[in-house]
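Using the numbering used here, you'd call the opening residue of the sequence shown number 2 and step up by one each time.
Each residue gets a CB set at the ideal place from its N, CA and C atoms; glycine is no exception.
The next block holds one structure in the form of structure tokens; read it before the comments.
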Amino acid sequence: MWNPSVVNDDLLKASLLDLYEQAPAGYVFTAPGGEILRVNAAMERLTGYSADELTARRLQDLLTIGGKIFYENQYSPLLRMQGVVDEIAFDFVQPDGTRVPVLMNAVLRLDEAGQPALIAATVFSARSRRSYELELLQERIRADRLADVVRASIDAVVTCSPNGGVQDWNAAAERMFGHDADALRRLHLRDLLSFDRGTEYGGVMASLVAGVPVSVETSAIATDGATLDVSVSLTPHLDEVGSVDSISAIIRDVTERRAIERLQHEFLAMASHELRTPLAVIRGQSQVMRRRRSYSETHLDTIIDQTRRLARLIDDLLTASEMEADRFGLHVAEIDIVPMVRSVCRQFGSEEREIGVRTPDEAVVPVDRHRLEQALSNLLTNAVKYSSHSAAIEVSLHLDDREAAIEVTDHGMGIGPDDVSHLFERFYRAPNVVEHVKGTGLGLYITRRIMEAHGGRIDVTSDPGRGSTFALRFPVTIGCKSTAVPAQ
Ligand code: ADP
Numbered sequence: 002m003w004n005p006s007v008v009n010d011d012l013l014k015a016s017l018l019d020l021y022e023q024a025p026a027g028y029v030f031t032a033p034g035g036e037i038l039r040v041n042a043a044m045e046r047l048t049g050y051s052a053d054e055l056t057a058r059r060l061q062d063l064l065t066i067g068g069k070i071f072y073e074n075q076y077s078p079l080l081r082m083q084g085v086v087d088e089i090a091f092d093f094v095q096p097d098g099t100r101v102p103v104l105m106n107a108v109l110r111l112d113e114a115g116q117p118a119l120i121a122a123t124v125f126s127a128r129s130r131r132s133y134e135l136e137l138l139q140e141r142i143r144a145d146r147l148a149d150v151v152r153a154s155i156d157a158v159v160t161c162s163p164n165g166g167v168q169d170w171n172a173a174a175e176r177m178f179g180h181d182a183d184a185l186r187r188l189h190l191r192d193l194l195s196f197d198r199g200t201e202y203g204g205v206m207a208s209l210v211a212g213v214p215v216s217v218e219t220s221a222i223a224t225d226g227a228t229l230d231v232s233v234s235l236t237p238h239l240d241e242v243g244s245v246d247s248i249s250a251i252i253r254d255v256t257e258r259r260a261i262e263r264l265q266h267e268f269l270a271m272a273s274h275e276l277r278t279p280l281a282v283i284r285g286q287s288q289v290m291r292r293r294r295s296y297s298e299t300h301l302d303t304i305i306d307q308t309r310r311l312a313r314l315i316d317d318l319l320t321a322s323e324m325e326a327d328r329f330g331l332h333v334a335e336i337d338i339v340p341m342v343r344s345v346c347r348q349f350g351s352e353e354r355e356i357g358v359r360t361p362d363e364a365v366v367p368v369d370r371h372r373l374e375q376a377l378s379n380l381l382t383n384a385v386k387y388s389s390h391s392a393a394i395e396v397s398l399h400l401d402d403r404e405a406a407i408e409v410t411d412h413g414m415g416i417g418p419d420d421v422s423h424l425f426e427r428f429y430r431a432p433n434v435v436e437h438v439k440g441t442g443l444g445l446y447i448t449r450r451i452m453e454a455h456g457g458r459i460d461v462t463s464d465p466g467r468g469s470t471f472a473l474r475f476p477v478t479i480g481c482k483s484t485a486v487p488a489q
């Protein structure tokens, strides 16, 4: 049985002393000037000195230089003034140079005359607290950096509540949707994205609320009602108990990519048709001659015509792919281009329509003969394609001391002002011709690139319903690039 009488003052004092000695915190008594009078075991561990070594030192001499200056100029006077100073951070410097971060609480005891007699200080290791603070700081820096990335992103980033109410967004979102901050705050994800293309809104939200990220290709709806093709990554964010507390949406404008994909798709369909048609004509005409066992100039002319058409098409396809792969280059030589211009025009003439040609007697210029011929053939192909059978076509060649110009004028359907600025883009075809006249949308693109490689250009004037003039212009002195020309 425990006997209460054994607990006397002596036992309590001895226990207190044990508590003091064995405490996990450091305890130190110093004289008012900092001279150490007594320390416990934890102080030995924190400072790296034995109790004996410590009693020969001053507390402030165990600190870093900055700490010592602070101790003497701020800490000590404050302690004298207030009698108590709590939770001041210092670093002890151990004999091997190791720094130990600590927090110090001190109390100043006065003697009977009210003079400073003793300082009692409690010292806690702040190692874990410091590293925790450091981690927090690094985490904040990381978060700030990430926020910078989101702010500067060209993709729209929007965060929403679990029911889709818009909460936050970046500048790209304001640009993409055309709403200001006030309007966006009142909107719903459903107002910004259209969820009709096989991705029904309810299903998307159900996946997100179940914690499953969703990627959709859909369209974004801007204030003015315009829509953009977008690809959207939706991610649910969970709180500590695992329920979705917000949803983020990264929205990328893919309108341009989609347009190119569409054009490429149309182009492939059309190119295979364009290749098959002349082949079918050639086969048909040859079979007729064979069946009849007779030689026909008309059939042969058609066959020759179609082989030319095939050759031109294949040439265009190869040139465009060389241009795209940066393998396009010129072989330039000084030649008289008059015979070439005349010969190409002859090829495009027919019984119903001769091509009117006006040239000087001679025009010696530095050009890639084959490429210039290709450019002129493209213009004549179009002049024939986009005019009626008998409408006149004129070709003229002018030369001054700076520039040569080959102009092709037709009296055909002409080109609307909206289309003129796009004519020289790859695969572009004016909407009014797509259904009626076959073509690849490559001819003028190739022609422009050929002329640019010569240091020249192509320009057009057109009067819808009345006809167009395309002009190939290039310098008469060597100004062209004869090496590979980068794709644009
Ligand atoms: P393609 O003729 O194979 O479609 P091009 O690149 O040669 O491709 O021409 C692009 C577009 O420019 C044509 O689809 C047509 O809409 C327009 N175009 C070109 N030349 C003419 C022309 N002489 N008259 C009217 N439209 C033309």
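- In the DSSP assignment, the residues bridged to LEU235 are VAL215, ALA250.
- According to DSSP, residue pairing for ILE155 in a beta bridge does not occur.
- The bridge partners DSSP lists for ASP337 are VAL365.
- Short of 8 Å from the beta carbon of GLU267, and not among the five residues preceding or following it, lie these beta carbons of its own chain, in chain order: PHE428.
- Taking LEU319 as reference, the option from MET290, VAL409, LEU443, VAL368 with the minimal CA-CA separation is LEU443.
- Its chain contains VAL358, THR360 as the residues whose beta carbon lies nearer than 8 Å to that of ARG343, once the 5 sequence neighbours on both sides are disregarded; these appear in chain order.
- In the structure shown, GLU88 adopts extended strand secondary structure according to DSSP, grouped into three states.
- Counting only runs that start and end inside the stretch 241-296, the alpha helix (DSSP H) elements of at least 4 residues fall at 256-293.
- Exclusion of LEU301 from the 8 Å shell around ligand 1 follows from its C-beta lying no nearer than that to any non-hydrogen atom of the ligand.
- Note that the C-beta distance between PRO279 and VAL210 is not below 9 Å.
- If the five residues before and after VAL124 are omitted, its C-beta is found closer than 7 Å to the C-beta atoms of ALA26, GLY27, VAL29, MET44, LEU47, VAL103, MET105, all from its own chain and listed in chain order.
- In the DSSP assignment, VAL385 falls within the unbroken alpha helix (DSSP H) covering 370-386.
- Between ASN379 and ILE447, the C-beta spacing is below 9 Å.
- Contact check between the stretch 452-470 and the stretch 407-418: three or more CB pairs, one atom from each, fall below 8 Å, which counts as touching.
- Counting the other CB atoms within 10 Å of its CB gives GLN375 a total of 16 or more, which places it among the buried residues.
- The beta carbon of ARG263 sits no closer than 8 Å to any heavy atom of ligand 1.
- By the Cβ test, the stretch 330-350 is in contact with the stretch 381-397, since at least three Cβ pairs between them sit closer than 8 Å.
- Taking 9 Å as the cut-off, the beta carbon of SER208 is found no closer than this to the beta carbon of GLU218.
- Three or more beta-carbon pairs drawn from the stretch 31-38 and the stretch 48-62 are found closer than 8 Å, and the two stretches are therefore classed as touching.
- Distances from the CB of PHE349 to the heavy atoms of ligand 1 are all 8 Å or more.
- Note that the stretch 220-235 touches the stretch 183-195; at least 3 beta-carbon pairs, one per stretch, sit closer than 8 Å.
- The stretch 252-270 makes no contact with the stretch 283-291; the number of CB pairs closer than 8 Å stays below 3.
- Inclusion of GLY444 in the 8 Å shell around ligand 1 follows from its C-beta lying nearer than that to a non-hydrogen atom of the ligand.
- Between the alpha carbons of SER154 and ARG259 lies a distance of about 21 Å.
- THR299 counts as exposed, since fewer than 16 other beta carbons sit within 10 angstroms of its beta carbon.
- Contact between ILE407 and LEU377 holds, since their C-beta atoms are separated by about 6 Å, short of 8 Å.
- Following the DSSP letters along the chain, one finds GLN83 inside the alpha helix (DSSP H) bounded by residues 77-83.
- Sequence-distant partners of ASP316 (beyond 5 residues in either direction) whose C-beta falls short of 7 Å from its own C-beta, in its chain, are GLN375.
- The beta-bridge partner set that DSSP reports for ILE356 consists of ILE394.
- Between ligand 1 and LEU424, a heavy atom-to-CB distance of less than 8 Å is present.
- Using a cutoff of 8 Å, the CB of ASP411 counts as near ligand 1, since one of the ligand's heavy atoms is closer than that.
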